[in-house]
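The numbering of the sequence shown is our numbering, which starts it at 978 and goes up by one.
Glycine included, C-beta positions come from ideal geometry on N, C-alpha and C.
Structure record follows, encoded as structure tokens.
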Amino acid sequence: MLTIVGLWRWRGNALARRSDRREAWLSLWAAVLMAVGVPLVGWAAQEATHDAMLRTAHEQQRDRQRTWATAQHVIVRPPLDSETETSAGQQPNRNQVTARWAGPDGSSHTGTLVLRRPVKPGSRFLVWTDRHGRLTSRPMSARGASSHALLAGLGSAALTAAVLEAGRRAAIRLALRRRYARWDEEWGRIGPDWGRTGNSS
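Quick look at the structure:
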């Protein structure tokens, strides 16, 4: 709005220089691009990311399953930050568990993972495995895919706005340098005769 007011102020003003109008138009176009282009970029990035994340979530949900594992060996380790306490008290210990489980094809697998809850050798618990029977993380949900897509859209919009603002500032800085250079040239030409009577300046 300030840019539009500035343009209207320079309209028909005999003191307005070409550089003043260029700077005003540059600011106006930057404002228009920010108002229109930034939301469009954010929306497009969110839609593209959402489709990709949904495909990933569906693939993970199809390829990953919960499998019963049997603890073979348990090593109790202290919390990562033993000095930090939660509102409920001391943080729980970490249980490094070596477990055995069966893959989708019936083959036996062995691996090590860390659990927060206490586990004893011989006890059973559920783990996530892929189609090859290897340990993996929980599959992404549709809600998680939407959250990631929203963050991607917001990040793209913020990055676009930052690039536009940086470009506008760089262009105005360049215009100011050119203006100051012209002022120096003019002052170098008329400065020695400034204030003298009878001169032609």
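Assigned exposure category for residue i - 16 Cβ within 10 Å defines buried
i, result
"A1158", "exposed"
"A1034", "buried"
"P1116", "buried"
"A1065", "Because the pLDDT of A1065 is 48, which lies under 50, any placement of that residue in the model is unreliable, and the number read from its coordinates should be weighed accordingly. Label assigned to A1065: exposed."
"S1084", "exposed"
"S1133", "buried"
"T1106", "buried"
"W1078", "buried"
"V1053", "exposed"
"T1087", "exposed"
"A1021", "exposed"
"E1162", "exposed"
"A1012", "exposed"
"T1089", "exposed"
"A1143", "exposed"
"A1147", "exposed"
Residue from the options with nearest C-alpha to residue i
i, options, result
"H1109", "G1132, G1088, A1119, D1082", "D1082"
"R1120", "W1002, P1056, R1032, L1017", "R1032"
"T1113", "W1164, A1007, Q1037", "Q1037"
"D1028", "G1080, W1164, S1118, R1154", "S1118"
"T1026", "L1128, W1160, I1167, P1055", "L1128"
Pair within 7 Å by beta-carbon distance, residue i and residue j
i, j, result
"G1130", "G1014", "no"
"L1010", "L1136", "no"
"R1043", "L1103", "yes"
"V1051", "N1072", "yes"
"P1098", "A1048", "yes"
"E1024", "A1152", "no"
"R1101", "W1045", "yes"
"A1007", "R1156", "no"
Below-7 Å beta-carbon distance, residue i vs any chain B residue
i, result
"T1087", "Absent from the structure is chain B; it holds one protein chain and no more."
8 Å contact criterion, which residue i and residue j should meet: CB distance rounded
i, j, result
"I1149", "L1017", "That pair is no contact at about 24 Å."
Under 8 Å, with one C-beta from each stretch per pair, do the segment 1089 to 1099 and the segment 1118 to 1133 reach the 3-pair mark? no
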